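Protein chains in written order, with our numbering: chain S, 767 to 864; chain D, 29 to 170; chain Z, 172 to 296. Have a look at the structure below, then the notes.
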Amino acid sequence: MNSLHIIAKAPTSASIAELNAVIDEGDVLIFIEDGVYFARTEFSPSPSSAPRFRHLECYFLKEDLAARGIEVLEGMQAVDTRGFVALSARLPRSVSWY
Amino acid sequence: MTSLDDTPRAAHALRYTLLINAAPQSSQAAKTALRFAESLLQMGHHIERLFFYGDGVLNASRLTVMPQDEINIPAAWHALIEANDLASVVCVSSAIRRGIVDAAEAQRHELSATSCYTSSEIGGLGQLIEAMSNSDRMLSFG
Amino acid sequence: MDNSKPNKQTISIIARRAPYGGDGARQTLDIVFAAAVFERPLNYIFIGDGVFQLVAGQNPKEISSKPHGAALETLELYGVDEIFVHRDSLHSRGLDESQLACRVNLIEERALKQLIAESTYVINL
Numbered sequence: 767m768n769s770l771h772i773i774a775k776a777p778t779s780a781s782i783a784e785l786n787a788v789i790d791e792g793d794v795l796i797f798i799e800d801g802v803y804f805a806r807t808e809f810s811p812s813p814s815s816a817p818r819f820r821h822l823e824c825y826f827l828k829e830d831l832a833a834r835g836i837e838v839l840e841g842m843q844a845v846d847t848r849g850f851v852a853l854s855a856r857l858p859r860s861v862s863w864y
Numbered sequence: 029m030t031s032l033d034d035t036p037r038a039a040h041a042l043r044y045t046l047l048i049n050a051a052p053q054s055s056q057a058a059k060t061a062l063r064f065a066e067s068l069l070q071m072g073h074h075i076e077r078l079f080f081y082g083d084g085v086l087n088a089s090r091l092t093v094m095p096q097d098e099i100n101i102p103a104a105w106h107a108l109i110e111a112n113d114l115a116s117v118v119c120v121s122s123a124i125r126r127g128i129v130d131a132a133e134a135q136r137h138e139l140s141a142t143s144c145y146t147s148s149e150i151g152g153l154g155q156l157i158e159a160m161s162n163s164d165r166m167l168s169f170g
Numbered sequence: 172m173d174n175s176k177p178n179k180q181t182i183s184i185i186a187r188r189a190p191y192g193g194d195g196a197r198q199t200l201d202i203v204f205a206a207a208v209f210e211r212p213l214n215y216i217f218i219g220d221g222v223f224q225l226v227a228g229q230n231p232k233e234i235s236s237k238p239h240g241a242a243l244e245t246l247e248l249y250g251v252d253e254i255f256v257h258r259d260s261l262h263s264r265g266l267d268e269s270q271l272a273c274r275v276n277l278i279e280e281r282a283l284k285q286l287i288a289e290s291t292y293v294i295n296l
């Protein structure tokens, strides 16, 4: 059964190796707080940073995107806190990364 | 952009334990947890227990004073807990070393003041384990 | 209650922080002890810098801290024997099993993902 991963750290502060070790195919990711800066590395095309999680179902917390002036880019899915709750209800367990 | 805003209410309500692991002043996490808890209740789910752990115990400090234009997170938790009659536990070992004490702890340690909102109870980690066992979901914020 | 929940609840507790510099390692261990006292089935999983918690020969007396490795050695007395270490995390930090303070199960990434997928709750502080 798949998990919801709640990622609250920016790409440079998160341990990509740890995320890769635990996140499984079919898992769902929600980026919150500074985690929404993953929008840049995952959805903004740049030759220097290949997306790592884009192939998974990814969501970004709308309030945190807005707070940081990050626009919703092509292919990105944004949810508000109620959507976050709905995701947590949909998946049988969550794993927080902070 | 898609949104789950209009997702219908969950077919059945779920019971949640929320673990709050960060101080209200040093990261955004406590605010995220508070908004999550409010939305959870609005959507018809239940909170089995709030558990404040580590620096998170500072969310129960009734001695927190914030500038007028900033949200007082401990006061907001207190209001939410009271309004919804929530079970809220502050981890004792985290709390006493951070100066969060209720009347019983103040007496036990011969302290002259209390600092914990009465809406939260000071208790042990067993209450986290027990709450989880009675919950469908456990989410942590830090 | 949610039907998707297995009857036998398993808590997976992930340790991914080095000891002493922060409080996370200790907080995680305290939850493990509490779960053990309540006889909950648990997996204690070390990944990333968390593997540094396991290194034998820790002596934090001069920095006024309690020895973390010594506390881990007592886990067996509490009936905690499901201790897993992500092999790559250990090896990529120049460590091997012989340098650890307690007996562990080395696991690959596939088995790690499987442990998580079979858990009722995951605590990752």
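Backbone N, C-alpha and C define an ideal beta-carbon position, used for all residues, glycine too. Model, not experiment: these values are computed from the prediction.
Contact annotation for D:T60 against chain S: I798 and E799 [CB-CB distance below 7 Å, chain order]. Here DSSP, grouped into helix, strand and coil, assigns Z:L286 to helix.
DSSP lists Z:I185 as the bridge partner or partners of Z:N295.
The beta carbon of Z:F223 does not come within 7 Å of any beta carbon belonging to chain D, so the residue lies off that interface.
Here the alpha carbon of D:S143 sits roughly 42 Å from the alpha carbon of S:Q843. Counted as a single uninterrupted DSSP element, the alpha helix (DSSP H) harbouring S:L853 occupies residues T847 to R856. Contacts between D:L68 and chain S, judged by CB atoms closer than 7 Å, involve V851 in chain order.
The beta carbon of D:I48 does not come within 7 Å of any beta carbon belonging to chain Z, so the residue lies off that interface. Sequence-ordered contacts of the stretch 67-97 of chain D with chain S read S67, L68, Q70, M71 and H73 [C-beta pairs closer than 8 Å]. A straight-line Cα-Cα distance of about 38 Å links S:C824 and D:Y145. Within the stretch 213-238 of chain Z, those residues whose Cβ lies closer than 7 Å to any Cβ of chain S are, in chain order, I218 and G219. Around the Cβ of D:H106, a 10 Å sphere holds 16 or more other Cβ atoms; the residue is buried. Annotation for S:I796: the continuous beta strand (DSSP E) segment containing it runs V794 to F797. Contact with chain S is found for Z:R187, since one of that chain's Cβ atoms lies less than 7 Å from the residue's Cβ.
When Cβ-Cβ separations below 7 Å define contact, Z:A196 makes no contact with chain D. For D:H74, the enclosing beta strand (DSSP E) covers residues H74 to F80. Counting only runs of at least 3 residues, the stretch 90-145 of chain D fully encloses the following beta strand (DSSP E) elements, listed from N- to C-terminal order: 116-119.
Between D:R63 and chain S, the shortest Cβ-Cβ separation is below 7 Å.
Under the 8 Å Cβ criterion, the stretch 250-260 of chain Z does not count as touching the stretch 773-782 of chain S, having fewer than three qualifying pairs.
Here S:D793 is near S:H771, since their CB atoms are less than 7 Å apart.
For Z:I287, the nearest beta carbon of chain S is closer than 7 Å to its own beta carbon.
For the alpha helix (DSSP H) assignment, the uninterrupted runs of no fewer than 4 residues enclosed by the stretch 194-252 of chain Z are, from N- to C-terminal side, 195-208 and 239-244. Where S:I772 is concerned, the enclosing beta strand (DSSP E) starts and stops at L770 to I773.
Under the Cβ criterion of 7 Å, S:A805 is not counted among the residues facing chain D. Residue pairing by DSSP places D:M166 opposite D:T45 in a beta bridge. By the neighbour-count definition (other C-beta atoms within 10 Å, threshold 16), D:H73 is a buried residue. The bridge partners DSSP lists for D:E149 are D:V117.
For Z:E280, a Cβ of chain S is located within less than 7 Å of the residue's own Cβ.
For S:V838 and S:L831, the gap between their C-alpha atoms comes out near 8 Å. Closest by C-alpha distance to S:A816, out of S:I796, S:F797, S:I782 and S:A833, is S:I782.
Counting the other Cβ atoms within 10 Å of the Cβ of S:E829 gives 16 or more, which makes it buried. Between Z:A186 and S:V851, the alpha-carbon positions lie close to 26 Å from each other. D:R125 is not a Cβ neighbour of D:V85, given a cutoff of 7 Å. In this structure S:S862 is buried. Its beta-carbon is surrounded by 16 or more other beta-carbon atoms within 10 angstroms.
Around the Cβ of Z:L213, a 10 Å sphere holds 16 or more other Cβ atoms; the residue is buried. With respect to D:V129, D:F80 sits apart: the two C-beta atoms are not nearer than 7 Å.
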